[in-house]
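My numbering runs 17 ahead of the 1-based position in the sequence shown. Working notes, beginning with the structure itself.
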Amino acid sequence: MKRPLPAVRLRVPTDEDAVAWHRIFDDPDVMEFHGGRAAELSVYEELTARQRRHDAEHGFCLWTMVDDAGQVIGFTGAQPWPGDWGPEGEIEIGWRLGRRYWGNGYVTAAARETVRRLRAAGVPEVVAMVDARNTRSIAVTQRLGMRLGEVFTIPSSERRGRCYRLSLHA
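Here is the structure:
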């Protein structure tokens, strides 16, 4: 029997969210597939500011995930692929969740809401770039109905990765 997904709210990141993201992502388990450790606070401050601008211009961004108790638990959303390799010019959907919230369905619930919002914004397709060892994120792509598009080597680490794709046409 499937359990219901938890309530999760998405909001445009605030200045204060930079501090929360820095705190909850300062965990080697959370950052295993993102360089191994949290970035400096200034990186999160710039990232949240960039997301506010992106949302104002395009109607989507990396939104802050908030649980039903009002706690910041991570982010999910989409933005143009930032690399000079891979799916250049395409919109990447992604997520990152604080360790204590894993295994409860938050990412799946938030990613489904992200897909709904991206459709409403007129985004035709999204990709998810996932380290091939990241079984949790691969499971989320499958729950979203994404299909494996390409397999690649991550230039910075020489590890294998997978590009999942999802058409957002109704």
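Virtual Cβ for every residue (Gly too), placed ideally from N, Cα, C. No experiment lies behind these values; they were computed from the predicted model shown.
Please confirm if the stretch 65-77 is in contact with the stretch 135-144, defined as three or more CB-CB distances below 8 Å between the two stretches. Yes, the stretch 65-77 is in contact with the stretch 135-144.
So what does DSSP say about Q159, is it helix, strand or coil? helix
Cβ-heavy atom distance, H75 to the ligand GTP, below 7 Å: Because no ligand of any kind appears in the structure shown, any question about the ligand GTP cannot be addressed here.
Using a Cβ-Cβ cut-off of 8 Å (strictly less than) and excluding sequence neighbours within five positions of V36, which residues of its own chain qualify? L58 and Y61
Below 8 Å between beta carbons: does that hold for V29 and D72? yes
Determine whether the beta carbon atoms of L22 and T93 lie at a separation below 8 Å. no
Hey, how far is the Cα of S173 from the Cα of L185? 30 Å
Spatial neighbours of R20 within its chain, please: C-beta separation below 8 Å, excluding the five flanking residues on both sides. G122
At what residues does the beta strand (DSSP E) containing E167 begin and finish? Run containing E167: R164 to T170, per the beta strand (DSSP E) assignment.
May I ask you to list the residues that DSSP assigns as paired with W112? Residue pairing by DSSP places W112 opposite T93 in a beta bridge.
Beta carbon of G91, beta carbon of F169: below 8 Å? no
Could you say which of S154, R117, I110 and G120 lies nearest to W80 if we only look at CA atoms? I110
Measure from the alpha carbon of L183 to the alpha carbon of each residue in I171, E175 and V157, then state which is nearest. V157
Where W38 sits in the DSSP three-state scheme: helix
Determine the extent of the alpha helix (DSSP H) in which T131 is found, giving its start and end residues. According to the DSSP assignment, T131 belongs to the alpha helix (DSSP H) that extends over Y123 to A137.
May I ask you to list the residues that DSSP assigns as paired with S184? E142
Taking 8 Å as the cut-off, decide whether the C-beta atoms of M146 and G178 are in contact. yes
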